[in-house]
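In the numbering used here, the protein residues as written are 169 to 793.
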């Protein structure tokens, strides 16, 4: 661990010098007064006084430095049969023109713009255009249910929404515009304008006086130059589920974010300028923000934007075809995707049809990578398979096998070691350090490195309450795990009741609110049950009101439909089980952790405070598949 150990030590003992060194890879309009500004601790800031533009560093800088004709973005869409390549010059020009279109609609520096789009180049163009003029983008996963989109509109209060007419799923077309219209009707805040990308698969009806056609505003626009931004200014707000069901808007900055992502491409992923990097995620999630859009372009690499699935578009060889066709050197996906491919093609027959000799390494993140999936991928691909761990809030890898510094032996099931800049500790409930091998709460000692969240949007107190108050001087990750004798970190579970469905963090509390709104439901609980494919799946246990005599199967289907309508299909909510009662403590707390253990078939201790232990047998019978 020579080089890794040296960088890890320097990042912790002299963070100002270390991160100033990493910042030299970018182009600054004004250098910083302070690298690490601790004057308002624990509200730390990075590169105070500095000015730059992240869009300039991601696009214009490379055009000026000789990469104008290199591929910047490859759009690969098996669901529409489209492959389109943008050079750095072409992408820069499209972004500058759409930035001008935003300006023409009155969007100013600091204004918010919500982007509600599928995996199309225009989504990336809209994000970078916002960054170019200093508007704050907030991307919402395309097809998200209208009530959830409405919550985000009310919190961010955008002056403008960028939307596509539809998204394309295997076997169906999803109309986005009606969902947006419904969300705006539900929201208390009304955006002044909506710019709609009309896709040929399904045109949308435009609302007169509010909605504008993408192509028309682009044709009329004058390209906009980059705006000088303070390094500490907000770049974007990205919402992640909260335990209360209310989304939390994670705020990322311009300067620290750019420095950290550029460093991570080299140190963690061992990626190089001019190579093709592919993160098989969505721009609506943090992986899409960091590793489809910003990080590869900041490095000067080629990024792949894939509109498709790991299986079914058209087959279980889809990923291998993309890697072979576009000569992908570094691939990043979720374990869920690999499990889906493994289920369809356990012997790798589809893989044999494609030459993926270009691939250097596969990185996994999104949920815990089970050892069986890692070993299967290692055998099939014959390249290093690297699990790594991070969160929406952190923005980049906190625990990883840093292949750009010093590749380490893989321990399937472990995300390896803390990345330089992250001081990870394991504490018990009272804040005392745990010994190697002892499970506790994973925390990160403050200050967090550049690129992590500044705060929550319009909710500084919520940020402190959720992340900083439990262990003063530390950031609470919300995950439990342990560090072994070799310093390897093992992530075991969430501390709270956020569940992880195919890499998407979803709130069981939000689902419970939906179920409880059904007129026949008296009370309910939603738990995350282990699933071999998706990591976890939500299961709802529902108690009906007295006197309800309708067929249970009918009610259960209504409950499933409600969650799909109000949370979205991404929740994968397919089991609502009607039970006579829920297990509770004498004080009335529902024993969700106990029910999870029963569902997962793992040992558990009956809580001494339970009001009636006999209910656990009834729950066990109800939870049988």
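Where a beta carbon is used, it is the ideal one built from N, C-alpha and C, also for glycine. Remember, it's a predicted structure, so these values are computed and weren't measured experimentally.
Check	Outcome
Enumerate, from N- to C-terminal direction, the unbroken alpha helix (DSSP H) stretches of 4 or more residues contained entirely within the segment 442–477.	463–467
In the structure shown, what three-state DSSP assignment does residue 171 receive?	helix
Taking all protein chains shown into account, do 16 or more other C-beta atoms lie within 10 angstroms of the C-beta of residue 190, making it buried, or fewer, making it exposed?	buried
Helix, strand or coil: how does DSSP classify residue 231 here?	helix
Per DSSP, residue 531 is paired with what?	500 and 554
Do residue 306 and residue 326 have their C-beta atoms closer together than 8 angstroms?	yes
May I have the straight-line CA-CA distance separating residue 724 from residue 739, to the nearest angstrom?	16 angstroms
From the DSSP secondary-structure annotation, give me the bridge partner or partners of residue 119.	The structure shown does not extend to residue 119, since the chain spans only 169 to 793, so no value can be given for it.
Only counting runs of 4 or more residues, tell me where the alpha helix (DSSP H) segments fall wholly within the segment 246–327, in order along the chain.	256–272, 289–301 and 314–324
Looking at the secondary structure, which residues open and close the beta strand (DSSP E) in which residue 407 lies?	402–408
Could you please give the first and the last residue of the uninterrupted beta strand (DSSP E) stretch that includes residue 214?	213–216
Our contact map puts residue 403 next to residue 421 with C-beta atoms below 8 angstroms; I'd like the distance itself, whole angstroms only.	6 angstroms
Might you give, ordered along the chain, the residues of its own chain that have their beta carbon closer than 7 angstroms to the beta carbon of residue 595, omitting 5 neighbours on each side?	601, 602, 608, 609, 611 and 639
Along the chain, where does the alpha helix (DSSP H) that runs through residue 639 open and close?	Careful: residue 639 lies outside any alpha helix (DSSP H) and carries neither H nor E.
List the DSSP bridge partners of residue 225.	Answer by DSSP bridge pairing: none, since residue 225 is not bridged.
Among residues of its own chain, excluding the 5 on either side of residue 253, which ones have a beta-carbon nearer than 6 angstroms to its beta-carbon?	239 and 242
Residue 696 and residue 706 look like a contact to me (Cβ under 8 angstroms); what is the Cβ gap, rounded to whole Å?	6 angstroms
Distance, Cα to Cα, residue 464 vs residue 787?	48 angstroms
Could you spell out where the beta strand (DSSP E) holding residue 205 opens and where it closes?	202–205
From 361, 429, 583 and 598, pick the residue whose C-alpha is nearest to that of residue 226; which is it?	429
Using a threshold of 8 angstroms, state whether the C-beta atoms of residue 300 and residue 362 are closer than that.	no
Quick check on residue 192: does DSSP put it in helix, strand or coil?	coil
Quick check: the Cα distance between residue 344 and residue 364, rounded to an integer number of angstroms?	10 angstroms
Tell me which residues share the same chain as residue 742 and place their Cβ nearer than 8 angstroms to its Cβ, disregarding the 5 neighbours each side in the sequence.	705 and 728
Round the Cβ separation of residue 214 and residue 618 to the nearest angstrom and send it over; I've been treating them as touching at under 8 angstroms.	4 angstroms
Candidates 442, 627, 228 and 178: which alpha carbon is nearest residue 471's?	442
With respect to the alpha helix (DSSP H) encompassing residue 127, which residues constitute its N-terminal and C-terminal limits?	Nothing in the structure corresponds to residue 127, since the chain is present only between 169 and 793.
Helix, strand or coil for residue 569 per DSSP?	coil
Between residue 204 and the rest of its own chain, which residues show a CB-CB distance below 6 angstroms, the 5 nearest in sequence each way excluded?	183 and 184
Can you tell me whether residue 660 is buried or exposed? The criterion is at least 16 other CB atoms within 10 Å of its CB, across all chains shown.	exposed
Along the chain, which unbroken stretches of the beta strand (DSSP E) at least 3 residues long are found entirely within the segment 681–725?	689–699 and 703–712
Exposed or buried, what is residue 367 when buried is set at 16 or more other beta-carbons lying within 10 Å of its beta-carbon?	buried
Within 10 Å of its beta-carbon, does residue 770 have 16 or more other beta-carbons around it, so buried, or fewer, so exposed?	exposed
In the DSSP output, what is residue 243 paired with across the bridge?	252 and 473
Based on DSSP bridge pairs, tell me the residues matched to residue 182.	Answer by DSSP bridge pairing: none, since residue 182 is not bridged.
Would residue 318 pass as a contact of residue 354 if the rule is Cβ separation under 8 angstroms?	yes
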